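Undergrad: Sequence order for the protein chains is A and B.
Counting from 1, one number per residue, gives the positions in the first sequence under the working numbering.
Counting from 1001, one number per residue, gives the positions in the second sequence under the working numbering.
Ideal placement from N, C-alpha and C gives every residue a C-beta, glycine not left out.
Computed from a prediction, not measured in an experiment: that's the story for all the values here.
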Amino acid sequence: MKKYIVIALLIVLTSAVKAQHFSSFRMHYDVAVPLGDFSDYIDRASWRGVSIDSRWEVNPKVTAGFNLGWQVFSQRFDNVTEVLSSGRTTVNGTQFRFVNTYPMQVNAHYYLGEEYSIRPWAGLSVGTAFTDQRTQVGFIEIKDTSWSFALTPQVGIDIPVDSNNTCFTFNVRYNYFSQNTVSHNYSFLIFGVGFKFGYY
Amino acid sequence: MSNKLIRVSPIMALLLLIVGCYPIGPEFVEDYDATYTIVNDLSFDFADPTRQTYHLADTVIVLTDPGTSPTDIQINQSAILERVRTNMNQLGYTEIPEENLANTADYLILVSVNRTDNYFNIWWGGWGGWGGWGGWGWGGCCFFPPMVSTQNIRVGMILVDIVDAREITPGSDTLPEVWLGLGEGLFRGSQQNINNRALSAIDQMFRQSPYLTR
C-alpha cells in the first residue's frame, strides 16, 4: 500500500513539473515535541530543526512536491542504570541521548482561498527517513541507525507579505517514522515557521 | 540498518561535542564516569544458597603497561579493598581472610586498577600569511608555521573480578570469572577526588547487581 502511495505521488509530481504551473519553494525553522514511545527516550523539545519544501501546482487548489528536513533531539539524563540488550551487561552513568532525523518525502497539498490571499492548507508527505540514534555513557556509545517509512500529515497557513506572493508560512506537522531497530517508533509534532517564495 | 555498541575514544568523545548533530555533552570530569557490570554466563546461579563465603586477594593489581603510562596510580589501595569487603559483607557473604584457607571459599575476589594515557596532537595555524599583491599564499612577507600542541586524556579504571573458586583449576592460566565490575572515568582531579570517585564506582557496581545478595 505504501509503495502505491509513493508511486501515485511521484506521478502527480512529474505531471505537475511538466505543466510548468505556479511553483513555490519554502524554508522553515522547526521546533519539535517528542510524542508517544519516543518521549520515553527523549522528552525534551528540540529547538534545532530546518526543512525545505518545493511544491508545483497541479491545479489552483492542489500542489505536489517534495520535502527534506533535519531535526536534532538531545537530552541529558543523570545517574541512569540500563541493562544492555545482551542481558549480560549493565551500565550506570550520565547518559547523553541524541536523535538526528532526516526525512525525504514527496507530498501533496490542498489549499483554501485564492492566490495572493491568506491561504490555509492541509497535506500529506510520505517517503522515507534516515534516523541516527546515539546514547553516550562514559566512553561508550550505543548507536542505532535506520531507514524507515515516514508519514507526515500536516496543516498550515500562508500569509502574503508582498505583491510577488512571497508569504510568511506557519505549519504544524505530525511525523511518524516506523522502524524496528529500537524499542520505539519516532513520532513527534513539528511547529514550523518560515517563508514561501513563489515563481513560475 | 545497524545496531552497534561502540567504544569511542576519549578524543572522539570530545570532538563529537563540537559537531552540531550532538549539541550537548559532558561538562564536568564526573560526567565521564561510568560503571559497568558484566555477567559472564547468564546461566550461572548466583542465588545458590550454598555459596556464602569469599576470599579477597590482599593486593590491588596494577595493570598499566609501564611502557605507555606511569604505573604509580595515586589511589588509596587499602581503602579500595576495604570498600569491596564492606560491600560483600553487606550483601551477606562471610569473608575467609586467611590466605591458606582461600581454596575453601566459594568466591575469589580480585581487584585491579589501570591508567591509560591517550596522547594526541592539535595542529593549528599554518595558513601562510600575506603573499604580496597576488593575495594569500605561502611565502611573502610573513610565514606563519603551523603550531602543534600535544594533549593527554588520561583514563583511570578499577576492576573487581568475582571468580568461581570451586572451579579454579590449579596450574591453569585462566580463571573462571563469573562477574566483573568495572568503573571508568577521567583520571583527573585531586587525589581525594579520584579516590572518592573510585570508591563510589565500587558501591555502584554492587548496587546495580542485586542478584548477588544472599
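Going by the CB atoms, is the gap between V33 of chain A and G49 of chain A shorter than 8 Å?
TA: In the first sequence, residue 49 of chain A corresponds to position 49, counting from 1. In the first sequence, residue 33 of chain A corresponds to position 33, counting from 1. No. Outside cutoff.
Undergrad: Report the neighbours of G93 of chain A on chain B: residues whose CB is nearer than 7 Å to its CB, in chain order.
TA: Your numbering for residue 93 of chain A matches position 93 in the first sequence. Here the neighbours are D1033, A1034 and T1035.
Undergrad: At the level of alpha carbons, what is the spacing between Y29 of chain A and M1088 of chain B?
TA: As a first step, residue 29 of chain A is located in the first sequence; it is residue number 29 there, counting from the start. As a first step, residue 1088 of chain B is located in the second sequence; it is residue number 88 there, counting from the start. Between Y29 of chain A and M1088 of chain B, the C-alpha separation is close to 55 Å.
Undergrad: Could you tell me which of A:Y176, A:A108 and A:F197 sits nearest to S187 of chain A, measuring between CA atoms?
TA: Reading the first sequence from its first residue, position 187 is the one you call residue 187 of chain A. Measuring from the Cα of S187 of chain A, the nearest candidate turns out to be A:Y176.
Undergrad: Can you list, in chain order, the residues of the stretch 1148-1164 of chain B whose Cβ is nearer than 9 Å to any Cβ on chain A?
TA: V1155
Undergrad: At the 8 Å Cβ level, is N175 of chain A part of the contact set with chain B, yes or no?
TA: Position 175 of the first sequence holds residue 175 of chain A. It does not; no Cβ of chain B falls within 8 Å.
Undergrad: For the stretch 1165-1199 of chain B, which residues have a CB atom closer than 8 Å to at least one CB atom of chain A, in sequence order?
TA: E1184 and G1185
Undergrad: If you measure between the beta carbons of T131 of chain A and T145 of chain A, is that distance less than 8 Å?
TA: To locate residue 131 of chain A, count along the first sequence from 1; it is residue 131. To locate residue 145 of chain A, count along the first sequence from 1; it is residue 145. By the CB criterion at 8 Å, T131 of chain A and T145 of chain A fall inside the cutoff.
Undergrad: Give, in chain order, every residue of the stretch 112-129 of chain A whose Cβ lies closer than 9 Å to some Cβ of chain B.
TA: none
Undergrad: Using a C-beta to C-beta distance shorter than 7 Å, which residues of chain A count as neighbours of L942 of chain B?
TA: Since the displayed chain B opens at 1001 and closes at 1214, residue 942 of chain B lies outside it and no answer follows.
Undergrad: Considering only the alpha carbon of each residue, which of A:S46, A:K61 and A:H109 lies closest to V126 of chain A?
TA: Counting from 1 along the first sequence, the entry for residue 126 of chain A is found at position 126. Closest option to V126 of chain A, Cα to Cα, is A:H109.
Undergrad: Under a CB-based cut-off of 8 Å, is Y1054 of chain B close to chain A?
TA: Here residue 1054 of chain B refers to the residue found at position 54 of the second sequence. Judged by the 8 Å Cβ criterion, Y1054 of chain B is not in contact with chain A.
Undergrad: Extract the residue ranges of the beta strand (DSSP E) inside the stretch 1047-1108 of chain B, only unbroken runs of 3 or more that lie entirely within it.
TA: 1053-1062
Undergrad: Any idea what DSSP makes of W1127 of chain B, helix, strand or coil?
TA: Along the second sequence, one-based indexing puts residue 1127 of chain B at 127. Low confidence applies here, because W1127 of chain B scores a pLDDT of 46, under 50, leaving its location unreliable; read the following figure in that light. Residue state, collapsed to three classes: coil.
Undergrad: How many whole angstroms separate the CB atoms of I1061 of chain B and N1195 of chain B, which I take to be in contact at a CB cut-off of 8 Å?
TA: Locating residue 1061 of chain B in the second sequence gives position 61, counting from the first residue. Locating residue 1195 of chain B in the second sequence gives position 195, counting from the first residue. About 18 Å; that fails the 8 Å criterion.
Undergrad: Taking C-beta pairs closer than 7 Å, name the residues in chain A that V1039 of chain B reaches, listed in chain order.
TA: As a first step, residue 1039 of chain B is located in the second sequence; it is residue number 39 there, counting from the start. The contacting residues are R88.
Undergrad: With distances taken from CA atoms, which of A:L189, A:F191, A:F77 and A:V182 is nearest L84 of chain A?
TA: As a first step, residue 84 of chain A is located in the first sequence; it is residue number 84 there, counting from the start. Of the listed residues, the one whose Cα sits closest to L84 of chain A is A:V182.
Undergrad: Please tell me whether F98 of chain A has its Cβ less than 8 Å away from any Cβ of chain B.
TA: Translated into positions along the first sequence, residue 98 of chain A becomes position 98. It does: the Cβ of F98 of chain A has a partner Cβ on chain B nearer than 8 Å.
Undergrad: Rounded to the nearest angstrom, what separates E1184 of chain B and F197 of chain A at their Cα positions?
TA: Mapped onto the second sequence, residue 1184 of chain B falls at position 184. Mapped onto the first sequence, residue 197 of chain A falls at position 197. Spanning the two alpha carbons is a distance of roughly 54 Å.
Undergrad: In the DSSP assignment, find the alpha helix (DSSP H) that holds L1186 of chain B and state where it starts and stops.
TA: Stepping through the second sequence from its first residue, residue 1186 of chain B is reached at position 186. Where L1186 of chain B is concerned, there is no enclosing alpha helix (DSSP H), although the beta strand (DSSP E) it sits in stretches over E1177 to L1186.
Undergrad: Could you check which residue in A:N79, A:I190 and A:G65 has the C-alpha nearest to that of L35 of chain A?
TA: Along the first sequence, read from residue 1 onward, the residue named residue 35 of chain A stands at position 35. Ranked by Cα distance from L35 of chain A, the first of A:N79, A:I190 and A:G65 is A:I190.
Undergrad: Mapping the DSSP letters down to three states, classify S125 of chain A as helix, strand or coil.
TA: Along the first sequence, read from residue 1 onward, the residue named residue 125 of chain A stands at position 125. Strand at S125 of chain A.
Undergrad: Pair every Cβ in the stretch 83-98 of chain A with every Cβ in the stretch 50-57 of chain A, then say whether three or more of these pairs are closer than 8 Å.
TA: These segments do not touch.
Undergrad: In the stretch 132-143 of chain A, which residues sit with their C-beta less than 9 Å from some C-beta in chain B, listed in chain order?
TA: D132, R134, Q136, V137, G138, F139, I140, E141, I142 and K143
Undergrad: Tell me the residue span of the beta strand (DSSP E) that contains Q1208 of chain B.
TA: Within the second sequence, residue 1208 of chain B is the residue found at index 208, counting from 1. Looking at the DSSP string, Q1208 of chain B is not in any beta strand (DSSP E), and its letter there is neither H nor E.
Undergrad: I'd like to know if Y1211 of chain B contacts chain A, where contact means its C-beta is closer than 8 Å to some C-beta of that chain.
TA: The residue given as residue 1211 of chain B occupies position 211 in the second sequence. For Y1211 of chain B, the closest Cβ of chain A is not nearer than 8 Å.
Undergrad: Under 8 Å, Cβ to Cβ, is there at least one residue of chain A near I1202 of chain B?
TA: What you label residue 1202 of chain B is simply residue 202 of the second sequence in a count that begins at 1. Chain A, which has no Cβ nearer than 8 Å to the Cβ of I1202 of chain B, makes this no.
Undergrad: For the 8 Å Cβ check, are there 3 or more pairs between the stretch 1186-1195 of chain B and the stretch 1161-1175 of chain B?
TA: no
Undergrad: Mind checking if S183 of chain A is an interface residue toward chain B, Cβ cutoff 8 Å exclusive?
TA: Residue mapping note: residue 183 of chain A aligns to position 183 of the first sequence, counting from 1. No - not a single Cβ of chain B is within 8 Å of the one on S183 of chain A.
Undergrad: Going along the chain, which residues of its own chain have a beta-carbon closer than 8 Å to the beta-carbon of Y1119 of chain B, five neighbours each way excluded?
TA: Here residue 1119 of chain B refers to the residue found at position 119 of the second sequence. Here the set comprises T1150, Q1151 and N1152.
Undergrad: If you count every other CB in all the chains shown that lies within 10 Å of the CB of E115 of chain A, and 16 or more means buried, which is it?
TA: As a first step, residue 115 of chain A is located in the first sequence; it is residue number 115 there, counting from the start. With fewer than 16 other Cβ atoms within 10 Å, it is exposed.
Undergrad: Give a yes or no on whether the C-beta atoms belonging to Y111 of chain A and K61 of chain A are separated by under 8 Å.
TA: The residue given as residue 111 of chain A occupies position 111 in the first sequence. The residue given as residue 61 of chain A occupies position 61 in the first sequence. Yes, Cβ-Cβ distance for Y111 of chain A and K61 of chain A is below 8 Å.
Undergrad: Given a limit of 9 Å on CB to CB distance, which residues of the stretch 48-67 of chain A reach chain B?
TA: R48
Undergrad: Along the beta strand (DSSP E) that carries F168 of chain A, what are the first and last residues, could you check?
TA: Numbered from its first residue, the first sequence carries residue 168 of chain A at position 168. C167 to S178 is the span of the beta strand (DSSP E), which, as asked, contains F168 of chain A.
Undergrad: Report buried or exposed for G1092 of chain B, applying the criterion of at least 16 other Cβ atoms within 10 angstroms of its Cβ.
TA: Locating residue 1092 of chain B in the second sequence gives position 92, counting from the first residue. Answer is exposed; the Cβ neighbour count stays below 16.
Undergrad: Start and end of the alpha helix (DSSP H) containing D43 of chain A?
TA: Taking the first residue of the first sequence as 1, we reach residue 43 of chain A at position 43. Careful: D43 of chain A lies outside any alpha helix (DSSP H) and carries neither H nor E.
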